[in-house]
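See below for the structure under consideration.
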Amino acid sequence: MNPPAVGATTEAEDVVWLRLDTALGAVARREAARLAHRVGMSADRVAEVELAVTEAATNLQKHARDGALALRVVTLPDRAAVELLSLDSGPGISDLRSALLDGTSSSGTLGVGMGAIARSADAFDVYSVAGSGTTLLARFWSVREDDGSAGPEPAVAGLTRPISGETVCGDSWSARTDLAEGGPVVTAMLCDGLGHGPLAALAGERARAAFRANAHRSPQEILRAMHLQLKGTRGAAVSVARADFTRGTVENCGVGNISACVVNGDKRQGLLSLPGIVGHQMPAPRSFQGRLDPGAVLVLHSDGLSDRWSPADFPGLFRRRPSTIAGHILAQAGVRRDDAGILVARAATP
């Protein structure tokens, strides 16, 4: 099930994580402006990004029990964007429709400024469970399409977060998307470098380099190339999956403690992997097969997220954008005592 020789590769970006505190608004505005200038936005567009990020920070400060903003640059072959994720642990929004009206605010909701964020962003999404947490996504492309649209939604998204106290993350991801008639073919890799800090991050960098050079090959061949590339590093747990959303098939080739599953409705089907360490003691790679029914979503994540989450806990989440899904699961299932990484792929988004 090899894809065509030409495809678009996306991979882990440096993520600026900003925890909820009294200085969040000012710090977030400054970081957002820095990223917006980095992708070449006009002064007016930079101001829009600054305003949206400030509004999101204010919402967290006024209404959330705990939370964080994640800011990053997202790049595709022909364009780049600044992406904002606002993640919190509650109390959730009971009436999203009302919350999206400009100026709406009531106790226990995150209504302030949400309509303004939605209006200025090229891509906007919000998911909330009353009594639990809310995830807000806003993406601002540096240049819009000629017709004013935001262009197609990426089929895959990932998110990483370093262990508390570190600035670099040993978890990393990369993905290649090939467009086929009826839907995308996504080849995805998630890597968890052993330990944490710069040496774990080095393993992740080498894994991405090996993936970029071999993403057109089979998952087993990709993993063999990574094993050679990671020799001399701490090693890593790695999963390489290929999801053909046209044929409805997925294969996963994994070594180590990476969770891989297919979510369909409120059920999840696990994809097997083998014990071992890529770069050190790796068994002969072996792929395991699964089904991708219409609407199914592929999820890979490291052990920096608890594996006890259930799709039934997140009604409607897996119909959202990949970035929203990844952000919400990380916020709800991630642990602070380890690096965390998650990758999500799906055929179509709203």
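Residue 18 in our numbering is what sits at position 17 of the sequence shown, and the numbering runs on without skipping anything. Glycine residues also receive a C-beta, built at the ideal position from the N, C-alpha and C atoms.
Contacting residues, own chain, Cβ-Cβ under 6 Å from residue i (five flanking each side not counted)
i, result
"SER87", "ALA57, LEU70 and LEU137"
"VAL75", "ALA82 and GLU84"
"GLY68", "LEU21, LEU61, LEU88 and ASP89"
"LYS232", "GLY280"
"ALA37", "VAL47, VAL50 and VAL83"
"LEU203", "THR234"
"THR11", "ALA176"
"LEU200", "ARG235"
"ASN265", "ASP294 and ALA297"
Beta bridge counterpart(s) of residue i as assigned by DSSP
i, result
"LYS63", "None; LYS63 has no bridge partner."
"LEU88", "ALA69 and THR136"
"GLN290", "GLU252"
"PHE141", "VAL83"
"GLN282", "DSSP, once it has assigned bridges, lists no residue as partnering GLN282."
"MET42", "Answer is none; MET42 lacks a bridge partner."
"SER175", "GLU12 and MET190"
"GLN333", "In the DSSP output, where bridge partners are listed per residue, GLN333 has none listed."
"VAL74", "VAL83"
"PRO185", "LEU180"
"VAL169", "Per DSSP, none; premise fails for VAL169."
"ASP126", "LEU138"
Cβ-based neighbour list, residue i, same chain, cut-off 8 Å, excluding 5 preceding and 5 following
i, result
"ALA117", "LEU52, ALA53, GLU56 and ASP103"
"ALA34", "VAL47, VAL50 and GLU51"
"ARG338", "ILE164 and SER165"
"SER311", "ASP267 and ARG269"
"ALA211", "ILE223, ALA226, MET227, LEU229, GLN230 and LEU231"
"ILE278", "LEU195, GLY236, ALA237, ALA238, VAL256 and GLY257"
"GLU14", "ARG73, VAL74, VAL75 and THR76"
"GLU167", "HIS197, GLY198 and ASP340"
Range covered by the alpha helix (DSSP H) that runs through residue i
i, result
"GLN230", "220-230"
"ARG115", "Note on residue identity: the sequence assigns Met, not Arg, to residue 115. Its alpha helix (DSSP H) spans residues 115-121."
"ILE99", "Residue identity differs from the one stated: residue 99 is Ser in this sequence, not Ile. Note, SER99: alpha helix (DSSP H), 97-100."
Chain-order list of residues whose beta-carbon lies under 7 Å from that of residue i (same chain, five-residue window excluded)
i, result
"GLY41", "SER143"
"TRP18", "ALA69, ALA71 and ARG162"
"GLY305", "ASP172, GLY335, VAL336, ASP339, ASP340, ALA341 and GLY342"
"VAL28", "LEU19"
Start and end residues, beta strand (DSSP E) containing residue i
i, result
"VAL298", "298-302"
"ASN265", "260-265"
"ARG209", "Careful: ARG209 lies outside any beta strand (DSSP E), inside the alpha helix (DSSP H) at 199-215."
"ASP314", "Here ASP314 belongs to no beta strand (DSSP E), and DSSP marks it neither H nor E."
"THR161", "157-162"
"ILE94", "ILE94 -> no beta strand (DSSP E), and no H or E assigned at all."
"LEU1", "For the chain, the structure presents residues 2 to 351; residue 1 sits outside this window and is missing."
Local Cβ density within 10 Å of residue i, reported as buried at 16 or more and exposed below that
i, result
"THR188", "buried"
"ASN60", "buried"
"ALA285", "exposed"
"SER165", "exposed"
"GLU182", "exposed"
"SER43", "exposed"
"GLY271", "exposed"
"PRO92", "buried"
"LEU344", "buried"
"GLN230", "buried"
"GLY205", "buried"
"ARG98", "exposed"
"PRO220", "buried"
"ARG322", "buried"
Helix, strand or coil at residue i [DSSP, three-state]
i, result
"THR325", "helix"
"LEU180", "strand"
"GLU32", "helix"
"PRO12", "Reading the sequence as shown, one finds Glu at residue 12 and not Pro. Of the three classes helix, strand and coil, the one that applies to GLU12 here is strand, per DSSP."
"THR23", "coil"
"ALA58", "helix"
"VAL50", "helix"
"LEU191", "strand"
"ALA244", "strand"
"LEU275", "strand"
"ALA131", "coil"
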